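Following: one structure in structure tokens, then a few remarks.
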Amino acid sequence: MAARSLVDAVTETPSRRELANAIRALSMDAVQRAESGHPGAPMGMADFGEVLWNDFLRHNPANPKWLNRDRVILSNGHGSML
5 MAARSLVDAV TETPSRRELA NAIRALSMDA VQRAESGHPG APMGMADFGE VLWNDFLRHN
65 PANPKWLNRD RVILSNGHGS ML
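Taking this note's numbering, the leading residue of the sequence shown gets 5, the next gets one more, and so forth.
Have a look at this one:
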């Protein structure tokens, strides 16, 4: 198996698992930097968040004030880092 080039690695579309793992890593980092919070909920909900964002929510990162965008209310305070 040939090694991937750096360009291939950067331009390759990440898998769903890689996206969820990135959410987990960012959540852990945010909790650690804040020196507060619980990383368990956002880590456990990472797959849910990835599917919700990529398959169901209507959003436009180029226009975050778009009035017709979907909104998510996550009332679980421990999961707010998600």
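The beta carbon of each residue, even a glycine, is placed where N, CA and C say it ideally should be. Predicted, not measured: the structure shown is a model, and the values here were computed from it.
Item, Value
"Could you tell me if GLU54 is buried or exposed, where buried requires 16 or more neighbouring beta carbons within 10 angstroms of its beta carbon?", "buried"
"Answer yes or no: do LEU86 and PRO46 have a C-beta to C-beta separation smaller than 7 angstroms?", "yes"
"ASN25 lies in the alpha helix (DSSP H); which residues open and close that run?", "20–38"
"Which residue marks the beginning of the alpha helix (DSSP H) containing PHE52, and which one marks its end?", "50–55"
"CB ASP51 to CB ALA24, shorter than 7 angstroms?", "yes"
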